[in-house]
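Following this note's numbering, the numbering of the sequence shown begins with 6 at its first residue and continues without gaps.
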Amino acid sequence: MREGRVLVPDAILFLVSQPYLSGRRFKQLQAGLAEATRVASRVVRMEGTGQSAMDALDALAADGARDILVQPVGLPFSDSLLAWLPGALGVWQRESAIAGLSLSLATDQIGDAEVLRTIAESALARADAAQPVDAEEGTIDGKGWDEVPPYTDHLLVCTGPRCVYRRAGLLRDVLNDELSRQGVMRSTLVATTGCLFPCNNGPMVAHYPAGRWYRLATQEAVSTFVRTVLVERRPLPQFVIHEVNSNDHR
Ligand code: FES
């Protein structure tokens, strides 16, 4: 906050950084934060699937919010994401060009002793409900984790924070629908990954064994990729940003 400025947000965007989060647990967090927040709010993930921060900001602004606080959720939140977010949020603000709209990025709560005390005291207060661990039952193996699934195509779909900011979370869901609709779901092994590094080219999908990396930025691009590359077995050079093996044109 700038010196002398009193910030009175009329909306909060919660940005949750937690790569391993099920849909059920995320909904629980969304509902809890919505219940606890006195102003309009949206809760989106920095990694994984779902609505992007930009779309959530669009929605808040469309509902009339003009002083939006962006609150990172994750303890502690990544330093590199905190350093990158002001620029990324600035792009949204510039492109949306909404007169009178102000956007502010809060810090995480790692320096807030009250929050840390609440976590520690809650752990002690709920100890009775904790599940006892049985040494006899100990195992790190799980049911069905022995077999490599049958597949012909392997997709590494980046759901890292910078691709998700560019709507990769939504496109990941579109990809699933297209694989199913175009009949190649069973032959395609899809792994969602963290950052693959060329973030500026995202949303990013790497296809093996062909060894081509694609930028698939729209729903139409995802659909075209599935049809052309996975069904018709032809390359799609207009979306390729990197090629590992140019001899294999599957
Ligand atoms: S976040 Fe996707 S390539 Fe970095």
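We put the CB at the ideal spot given by N, CA and C, even for glycine.
Consult DSSP for residue i and reduce its assignment to one of helix, strand or coil.
i, result
"Thr193", "strand"
"Ser228", "helix"
"Met6", "Confidence at Met6 is low in this model, with a pLDDT of 47, below 50, so the placement of that residue should be treated as unreliable; the coordinate-derived value is given next. Three-state DSSP puts Met6 in coil, outside helix and strand."
"Arg99", "helix"
"Asp164", "What sits at residue 164 in the sequence shown is Thr, not Asp. Correct three-state label for Thr164: coil."
"Asp158", "strand"
"Leu106", "coil"
"Arg186", "helix"
"Ala211", "strand"
"Glu126", "helix"
"Arg220", "strand"
"His254", "Only weak support exists for where His254 lies, its pLDDT of 49 falling under 50; the coordinates are left without a value."
"Val249", "coil"
"Thr233", "helix"
Would you please verify whether the beta carbon of residue i is less than 9 Å from any beta carbon of chain B?
i, result
"Gly149", "The structure shown contains no chain B; it is built from a single protein chain."
Taking the alpha carbon of residue i as the reference point, which residue from the options has its own alpha carbon closest?
i, options, result
"Val120", "Ala132, Asp146, Val78", "Val78"
"Trp89", "Ala70, Thr112, Asp68, Arg71", "Thr112"
"Asp84", "Thr54, Gly207, Val227, Ile115", "Ile115"
"Tyr170", "Pro81, Phe244, Gly95", "Gly95"
Fully enclosed by the stretch 9–97, which alpha helix (DSSP H) runs are 4 residues long or longer?
28–41, 58–67
Is the stretch 204–217 touching the stretch 143–162, taking contact as three or more C-beta pairs under 8 Å?
yes
Heavy atoms of the ligand FES versus C-beta positions, residues under 5 Å:
Cys163, Gly165, Arg167, Cys168, Cys200, Leu201, Cys204, Gly207, Met209
Three CB pairs or more closer than 8 Å across the stretch 132–142 and the stretch 97–105:
no
Are there three or more Cβ pairs, one per stretch, closer than 8 Å when the stretch 168–179 is compared with the stretch 137–155?
no
Are the stretch 32–39 and the stretch 63–75 touching by the rule of at least three beta carbon pairs closer than 8 Å?
no
Any 3 or more C-beta pairs closer than 8 Å across the stretch 38–47 and the stretch 163–170:
no
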